[in-house]
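Trainee: The number in the working numbering is simply the position in the sequence shown, starting from 1, with 612 added.
All residues carry an ideal CB built from backbone N, CA and C; glycine is no exception.
Let me begin by handing over the structure; questions about it come next.
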Amino acid sequence: MSRVLVCVQPARGHAGPAKPIVEALVAAGHEGFVVTGARYREAFEKLGATVALLPPEADFDETDLNGSVPGRAGKRGLGLARFELANFVRAMPHQLSVIDRQQADVILCDPLMMAGLALVRRERRPRLLTLGFLPFLPPVPTGPPGRFRGLTLKALAPLVTGPAQKLAADLLGGDPGLLFTDWPLHSDGVLQLTCPGFEYPRPGAPLHFIGPTTVSAASEHPLPPWWGDLDGGRPVVHVTQGTVANDDLGRLVEPTIDALAGEDVLVVATTCGTPLRPGPLPENARVADFLPYDELLPRCAAMVSNGGYGGVNHALRYGVPLVVVGASEDKREVAARVAWSGAGIGRARASASPRTLRRAVRTVLDDPRYRTRAQELAAEMAAGPTMAEVVKLITEPSRGLS
613 MSRVLVCVQP ARGHAGPAKP IVEALVAAGH EGFVVTGARY REAFEKLGAT
663 VALLPPEADF DETDLNGSVP GRAGKRGLGL ARFELANFVR AMPHQLSVID
713 RQQADVILCD PLMMAGLALV RRERRPRLLT LGFLPFLPPV PTGPPGRFRG
763 LTLKALAPLV TGPAQKLAAD LLGGDPGLLF TDWPLHSDGV LQLTCPGFEY
813 PRPGAPLHFI GPTTVSAASE HPLPPWWGDL DGGRPVVHVT QGTVANDDLG
863 RLVEPTIDAL AGEDVLVVAT TCGTPLRPGP LPENARVADF LPYDELLPRC
913 AAMVSNGGYG GVNHALRYGV PLVVVGASED KREVAARVAW SGAGIGRARA
963 SASPRTLRRA VRTVLDDPRY RTRAQELAAE MAAGPTMAEV VKLITEPSRG
1013 LS
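In structure tokens form, the structure reads like this:
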């Protein structure tokens, strides 16, 4: 049996995909250890794992980023992007202070835990795998989005990554020899939480596609009183801004409700606790803080999202076509993949008007090619490895990961 150390940032979109893997590791008899933040301690301990907490310097509250991350409040645009990347790097030594105290045969690491950057440079270390719940972004400038886009990103990258790259060099005592965000390429393998049809071809990249792993059942999120309305015959359109970029529901959730108010559909919105604007809802709108996706998505004809990688892939698991409008974090890349894969319409922008959203949703609902392609991706995911096989990928190097 192996001692597996799972290192994840204290955020729902990171802890959620890790929990089923940790549960499966423990159930198979392996020793499961988790490094994460205080908010997720109980969730992992319930699975039988031993939890080591990140120190306060590396912990944060995703529901109050401005309040829990010193210096973040007031930053916007490129300034915010530069700050957040540097802040990820700044946490590196604090993460290592916990990780290095653990004894492990295998480390499964969050790609945004910059401890991974230090670990890949060590000559002697446990086997290091990456938990790929972000779009895979190796330095390939000529991929499917086009050579021009790749070269543009390459030219703009130093403006955003420069401060973080310098900080990484300072913390590591010299040039790390790679862009700090590219460390997963140098790990012993990446467990990518999607299917090949949703990621650009990356010849030679250490990828193993395992599909989305997050479980979202009624036991976690109780059904609301209006749940029976979903079986009333009208196509169900789900809209969400996820758990991170949801401080202003006027960017996507509220415009989508407005856009579809006169349509013969049922709009189901999740707000993740952010309040909607005051006023009555249209007759065809239903709202909840959270809903069990494994109950909701099989009932959906389409999903409108700001591009969270986990939520988008959860929808594709059930063959649900997408309209994605998002520009923060990794959401531009997710929107680009939705469009490239043919499973929906993707727009790399912060918000959209009701008119634009109505047209996009109607296109996805009325053109069967989008649902057909989403169902093809669902079939790819269903043909992927079982959780028992994922456990073997992690614990047995001969299974295909170094």
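Going by the DSSP bridge assignment, what does Val634 pair with across the sheet?
Mentor: For the purposes of this step, residue 634 is taken as residue 22 along the sequence shown, with counting starting at 1. Its beta-bridge partners do not exist; DSSP assigns none.
Trainee: Please report how far the alpha carbon of Thr825 lies from the alpha carbon of Val916, in whole angstroms.
Mentor: Sequence index remark: in the sequence shown, residue 825 carries index 213 (1-based). Sequence index remark: in the sequence shown, residue 916 carries index 304 (1-based). So the alpha carbons of these two residues sit roughly 21 angstroms apart.
Trainee: With a threshold of 7 angstroms on Cβ separation, who are the neighbours of Glu715 within its own chain once the five nearest residues in sequence on each side are excluded?
Mentor: Here residue 715 is taken as the residue at index 103 of the sequence shown, counted from 1. The residue asked about is misnamed: residue 715 is Gln in this sequence, not Glu. Here the set comprises Arg615.
Trainee: Residue range of the alpha helix (DSSP H) that His706 falls in?
Mentor: As a first step, residue 706 is located in the sequence shown; it is residue number 94 there, counting from the start. Looking at the DSSP string, the run of the alpha helix (DSSP H) that includes His706 is Met704 to Ile711.
Trainee: Three Cβ pairs or more, each shorter than 8 angstroms: is that satisfied between the segment 627 to 647 and the segment 995 to 1007?
Mentor: With a cut-off of 8 angstroms, the segment 995 to 1007 and the segment 627 to 647 count as touching, because enough Cβ pairs lie within range.
Trainee: I need the straight-line Cα distance from Ala661 to Arg737, nearest angstrom please.
Mentor: Within the sequence shown, residue 661 is the residue found at index 49, counting from 1. Within the sequence shown, residue 737 is the residue found at index 125, counting from 1. One C-alpha to the other measures close to 22 angstroms.
Trainee: State the start and end residues of the unbroken beta strand (DSSP E) segment that holds Arg974.
Mentor: As a position in the sequence shown, residue 974 is number 362, starting the count at 1. Unbroken run through Arg974 is the alpha helix (DSSP H), Pro966 to Asp978; no beta strand (DSSP E).
Trainee: Please say whether Val936 and Gly958 have beta carbons closer to each other than 8 angstroms?
Mentor: Within the sequence shown, numbered from 1, the residue matching residue 958 stands at position 346. Within the sequence shown, numbered from 1, the residue matching residue 936 stands at position 324. A contact, by the Cβ cut-off of 8 angstroms.
Trainee: Would Ile711 and Val647 be called neighbours here (beta carbons separated by less than 8 angstroms)?
Mentor: Here residue 711 corresponds to residue number 99 of the sequence shown, with the count starting at 1. Here residue 647 corresponds to residue number 35 of the sequence shown, with the count starting at 1. Going by C-beta atoms, Ile711 is nearer than 8 angstroms to Val647.
Trainee: If I measure Cβ to Cβ from Arg941 and keep anything under 7 angstroms in the same chain, skipping five residues before and after, which residues do I get?
Mentor: For the purposes of this step, residue 941 is taken as the residue at position 329 of the sequence shown. According to the sequence displayed, residue 941 carries Glu and not Arg. Closer than 7 angstroms at the Cβ level, and outside the excluded window around Glu941, lie Val856 and Ala857.
Trainee: Is Leu763 helix, strand or coil by DSSP?
Mentor: As a working mapping, residue 763 is identified with position 151 in the sequence shown. Residue placement at Leu763 cannot be trusted, given a pLDDT of 42 that sits under 50; what the coordinates show is reported in the next sentence. Helix at Leu763.
Trainee: Thinking Phe695 and Gly683 are a contact (beta carbons under 8 angstroms), I'd like their distance in whole angstroms, please.
Mentor: Here residue 695 corresponds to residue number 83 of the sequence shown, with the count starting at 1. Here residue 683 corresponds to residue number 71 of the sequence shown, with the count starting at 1. Right, the Cβ-Cβ distance comes to about 7 angstroms (below 8 angstroms), so this counts as a contact.
Trainee: Between Thr975 and the ligand PLP, is there a pair consisting of the residue's CB and a ligand heavy atom that are separated by less than 7 angstroms?
Mentor: Ligands in the displayed structure: none, and consequently the ligand PLP is not present.
Trainee: Terminal residues of the continuous alpha helix (DSSP H) containing Phe656?
Mentor: The residue given as residue 656 occupies position 44 in the sequence shown. Looking at the DSSP string, the run of the alpha helix (DSSP H) that includes Phe656 is Arg653 to Glu657.
Trainee: DSSP on Leu771, reduced to helix/strand/coil?
Mentor: Reading the sequence shown from its first residue, position 159 is the one you call residue 771. Three-state DSSP puts Leu771 in a helix.
Trainee: Would you check if the segment 891 to 902 and the segment 828 to 842 touch, i.e. whether three or more CB-CB distances between them fall below 8 angstroms?
Mentor: Contact holds: three or more Cβ-Cβ distances are below 8 angstroms.
Trainee: Excluding the five sequence neighbours on either side, which residues of its own chain have a C-beta within less than 8 angstroms of the C-beta of Gly758, listed in chain order?
Mentor: Taking the first residue of the sequence shown as position 1, residue 758 is located at position 146. Unreliable positioning characterises Gly758 in this predicted model, as indicated by a pLDDT of 45, which lies under 50. The coordinate reading is nonetheless provided below. If we look at Gly758 and ignore the five residues flanking it on each side, it has no Cβ neighbours.
Trainee: Residues in the same chain with beta-carbon distance under 7 angstroms from Leu771, minus the five sequence neighbours each way, listed in chain order, please.
Mentor: Along the sequence shown, one-based indexing puts residue 771 at 159. The residues are Leu690.
Trainee: Within a Cβ cutoff of 7 angstroms, which residues of the same chain sit near Asp906, ignoring the five residues on either side of it in sequence?
Mentor: Locating residue 906 in the sequence shown gives position 294, where the first residue counts as 1. For Asp906, where only same-chain residues beyond five positions count, the Cβ hits under 7 angstroms are Val827, Ser828 and Ala829.
Trainee: Three-state secondary structure (DSSP) at Gly755?
Mentor: Taking the sequence shown and counting its residues from 1, the one referred to as residue 755 is at position 143. Only weak support exists for where Gly755 lies, its pLDDT of 49 falling under 50; the value from the coordinates is given anyway. Three-state result, Gly755: coil.
Trainee: What number of angstroms, rounded off, separates the C-alpha of Ala639 from the C-alpha of Arg653?
Mentor: Residue 639 sits at position 27 when you count from the first residue of the sequence shown. Residue 653 sits at position 41 when you count from the first residue of the sequence shown. One C-alpha to the other measures close to 18 angstroms.
Trainee: Given 8 angstroms as the limit, is there contact between the segment 959 to 967 and the segment 864 to 879, that is, 3 or more CB pairs closer than that?
Mentor: A contact exists between the segment 959 to 967 and the segment 864 to 879.
Trainee: DSSP on Gln715, reduced to helix/strand/coil?
Mentor: Against the sequence shown, residue 715 aligns to sequence position 103. In the structure shown, Gln715 sits in coil (DSSP, three-state: anything other than H, G, I, E or B).
Trainee: Just to confirm, is the Cβ distance from Thr886 to Leu908 under 8 angstroms?
Mentor: Position 274 of the sequence shown holds residue 886. Position 296 of the sequence shown holds residue 908. Contact: no.
Trainee: What are the start and end residues of the alpha helix (DSSP H) that includes Glu1006?
Mentor: Here residue 1006 corresponds to residue number 394 of the sequence shown, with the count starting at 1. Contrary to the premise, residue 1006 reads as Ile rather than Glu in this sequence. Unbroken alpha helix (DSSP H) run through Ile1006: Met999 to Thr1007.
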